[in-house]
Amino acid sequence: MTTALQSPPPARPLLRLRLASPSGMPRPIDGAWWPRSSDLLAELPQLLAGLPRAWGHITSVTVHGATWPAVPGRMLVFNQVVRLRRTVAVSAPHTIVLLAPGQGRWDLLVVPPDTTEEAAEPLMAAAAGDHV
177 MTTALQSPPP ARPLLRLRLA SPSGMPRPID GAWWPRSSDL LAELPQLLAG LPRAWGHITS
237 VTVHGATWPA VPGRMLVFNQ VVRLRRTVAV SAPHTIVLLA PGQGRWDLLV VPPDTTEEAA
297 EPLMAAAAGD HV
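Here my numbering is used: the first residue of the sequence shown is 177, the next is one more, and so on.
See below:
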């Protein structure tokens, strides 16, 4: 009998997410997310999986229509339905809003996928409230 060795599954790329430290004061931005593509259906599951458990189950996500070209009304993420909404509000072109009933709302800056690391790092640090 011969045993074939299977190669391990490919490693998932690291989630590029930086969150502000929790505080009792409300913040306009709760952190930054730097997705690897503009394909929301591919990127959103990894983002939701990387969020703190204390945020609870995200049931609604609002994105800007110009940033994310194709957005269905809902999608299944880890066997949970997540409602997707688009906005064209001028005030929020580079944000994503995450809602969890009974837990809260979080607004994240979305760093465009084609941003260089040198340009993305200070944006993410500033959004998280880190001193650059």
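All C-beta atoms, glycine included, are put in the ideal place defined by N, C-alpha and C.
Remember, predicted model here, so these are calculated numbers, not experimental data.
Among all the DSSP beta bridges, which residues are the ones paired with residue i?
{"i": "T263", "result": "H240"}
{"i": "R192", "result": "In DSSP, R192 forms no bridge with anything."}
{"i": "W209", "result": "L193, V286"}
{"i": "Q279", "result": "DSSP, once it has assigned bridges, lists no residue as partnering Q279."}
{"i": "T271", "result": "L285"}
{"i": "M251", "result": "V258"}
Roughly how many angstroms separate the alpha carbons of residue i and residue j, rounded to a whole number?
{"i": "T271", "j": "V287", "result": "9 Å"}
{"i": "R192", "j": "L223", "result": "9 Å"}
{"i": "V258", "j": "P204", "result": "23 Å"}
{"i": "A301", "j": "L285", "result": "11 Å"}
{"i": "P228", "j": "M201", "result": "18 Å"}
{"i": "W209", "j": "V264", "result": "19 Å"}
What does the Cβ neighbour count give for residue i, buried or exposed, with the cut at 16 atoms within 10 Å?
{"i": "R194", "result": "buried"}
{"i": "D215", "result": "exposed"}
{"i": "G151", "result": "As shown, the chain starts at 177 and ends at 308. That puts residue 151 outside it, with no answer to give."}
{"i": "A304", "result": "buried"}
{"i": "E219", "result": "buried"}
Under 8 Å by Cβ, that's how I've got residue i and residue j pegged, so tell me the actual separation to the nearest angstrom.
{"i": "V273", "j": "L260", "result": "In fact, because the Cβ distance is near 11 Å, the residues do not count as touching under 8 Å."}
{"i": "Q256", "j": "H233", "result": "6 Å"}
{"i": "T291", "j": "P269", "result": "Between P269 and T291 the Cβ distance is about 14 Å, and since that is not below 8 Å, they are no contact."}
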